[in-house]
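Colleague:
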Amino acid sequence: KHGCQRHTFVPWCTIPLQAIITMSTKRKADELTATAEDDEDAGPVLPATCLASVLNFMPYSDVRSFLPAGKFIAIDAAKHIETLNIMEPAGLDVPAARRFTNVSQVNILCVVTPAIRTVTRTGPSNRQILSPDAVQRVLPFLSIFPKLEGAKVGGSGGIAYCGPLCLSPNDHAAIFRGMIGAFCGAFKARLLPCDVNLKGFTGFGKIRDCQRDGENPCRLCRDICASFPFSDVLDLQAPEREETWGNTTIRSLCISQGERLEILKARPGGQEFIRSRAGAKWLLQAIYLGSVSPNDNSEGVAFQERMKEQGAVFEKEVYFVEEYSFELIERLLAHGFVPRAASKEDVRWAFSWSSPAIWDVSAFRRLVGMGFALDAKDFILVDTKAEPGIER
């Protein structure tokens, strides 16, 4: 109608990064003084925020290599970058990183690197090497970002430090424990935000050879529970059965579940966190489900057909809650957890693999009586004791 030209759309992801940066550095918005005709001939300009979105996914070494391209990159785009991906220890340089004032996520992927991959009779051997140089630089580097919300410390491809798989250096376990101890001090001194989301630190295979100090956990385990973010303290281990794990319930740590929760509750805000939605979502992991299958006889076949008509996803699985699970939940409720704090969406997510699932009605009623926000509409409830097609 107005004689508009038809243009071919070219996705930015198909343009080399150097070409994008070249277009972006031609001018700044506040320096435009040209006429409309001159502006039309100047070529496309990628806004600083868009360029920063591209750089968020680039290795940090590539980001730094483009900083000399001009003020537009070094200042304008840099202040919009939110994620840094450090792939080598040399990138953990504090003065060079201070320009990135808006960073909220730092992925340090050079602490652990894969060793030479070998294949044994049992399959591939995923050995790894810990970098002492990177370990020494991690904490000072993270501490310079005032908007830090999350950090991942490990290796590329989702690798995290695992003591049994680490080949070198010989004292890798002591080096890693030293880094954990340094982080405990950083949280106590409020050098890092108390709610930062950390990945790659704690859990199975990370901290090894802990030994209890008489009747008490070792100093490092106590410091972790007394200083690390609340969510990380809970996520050290899912709710577990004391009779199974004994006094070493956090797998390779030497602290029990009860001791961990008591330390957490003694911290300022700890009891409020346990009563929060985050605590309730963790409590959902204490619901251990068992299952039974319908009989192969005519009654069992009839039961399956009836379940299909009611919309069951897996008509051959009937779920119930293990009795020890109810005992575990009762112990955890005594620490102050509030099941109702979890939303219905949280509960649906916890059992989303088979919704609508066939559940034993007595187990459903017991969980509701404990305060869990289960909705009967999300389940097909049957009485397994009275159902002739099922034998438990």
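Going by the working numbering, the sequence shown opens with residue 35, and the numbers climb by one from there.
Just so you know, even glycine gets a beta-carbon here, dropped at the ideal spot from N, CA and C.
Just reading off the alpha helix (DSSP H) that GLN338 is part of, what are its end residues?
Modeller: 332-343
Colleague: Are ALA407 and ALA368 touching if we call contact CB-CB under 8 Å?
Modeller: Using a Cβ distance threshold of 8 Å, ALA407 and ALA368 do not count as a contacting pair.
Colleague: What does a CB cutoff of less than 7 Å around VAL402 pick up in its chain, not counting 5 residues either side in sequence?
Modeller: Beyond the five residues adjoining it in sequence on each side, VAL402 comes within less than 7 Å, by CB distance, of LEU408 in the same chain, given in chain order.
Colleague: Just tell me which of GLN162, VAL372, GLU421 has its CA closest to the CA of LYS315.
Modeller: Ranking the options by Cα distance to LYS315, first place goes to VAL372.
Colleague: Is it the case that the Cβ atoms of VAL267 and CYS255 are separated by a distance below 8 Å?
Modeller: no
Colleague: How long is the line joining the alpha carbons of PRO78 and VAL88, rounded to whole angstroms?
Modeller: Unreliable positioning characterises PRO78 in this predicted model, as indicated by a pLDDT of 47, which lies under 50. The coordinate reading is nonetheless provided below. Each residue's alpha carbon lies about 16 Å from the other.
Colleague: Report the rounded CA-to-CA distance for PHE413 versus ASP394, giving the unit in angstroms.
Modeller: 10 Å
Colleague: To the nearest whole angstrom, what separates the beta carbons of TYR322 and GLU356, a pair I think is in contact under 8 Å?
Modeller: 5 Å
Colleague: Could you tell me the alpha carbon to alpha carbon distance between GLY304 and GLU249, rounded to whole angstroms?
Modeller: 24 Å
Colleague: Once you ignore the five residues that flank ARG253 on each side, which residues in its own chain have a CB closer than 8 Å to its CB?
Modeller: ASP247
Colleague: For LYS186, write down the residues that DSSP places opposite it in a beta bridge.
Modeller: Partner(s): ASN141, LYS233.
Colleague: For the stretch 384-422, list the beta strand (DSSP E) runs that are entirely contained and at least 3 residues long, ordered along the chain.
Modeller: Within the stretch 384-422, the complete beta strand (DSSP E) runs of at least 3 residues are 391-394, 413-416.
Colleague: Are SER202 and ILE163 closer than 8 Å when you measure CB to CB?
Modeller: yes
Colleague: Comparing C-alpha positions only, which one of ILE115, PHE264, ARG161, ASP167 sits nearest to ASP127?
Modeller: ASP167
Colleague: Exposed or buried, what is PRO422 when buried is set at 16 or more other beta-carbons lying within 10 Å of its beta-carbon?
Modeller: exposed
Colleague: For the alpha helix (DSSP H) containing VAL169, name the first residue and the last one.
Modeller: Where VAL169 is concerned, the enclosing alpha helix (DSSP H) stretches over 166-176.
Colleague: Any C-beta of chain B sitting closer than 8 Å to the C-beta of SER265?
Modeller: The chain labelled as chain B is not found in the depicted structure, where only one protein chain is given.
Colleague: Going by beta carbon distance, what residues of the same chain come within less than 6 Å of ALA346, once the five residues before and after it are set aside?
Modeller: ILE392, ILE414
Colleague: Tell whether a beta-carbon distance below 8 Å holds between CYS228 and PRO263.
Modeller: yes
Colleague: With distances taken between CB atoms, is the gap from VAL146 to MET213 smaller than 8 Å?
Modeller: no
Colleague: Tell me the DSSP secondary structure of GLN245 in three-state form.
Modeller: coil
Colleague: Put PRO198 into one of helix, strand or coil per three-state DSSP.
Modeller: For PRO198, the three-state secondary structure derived from DSSP is helix.
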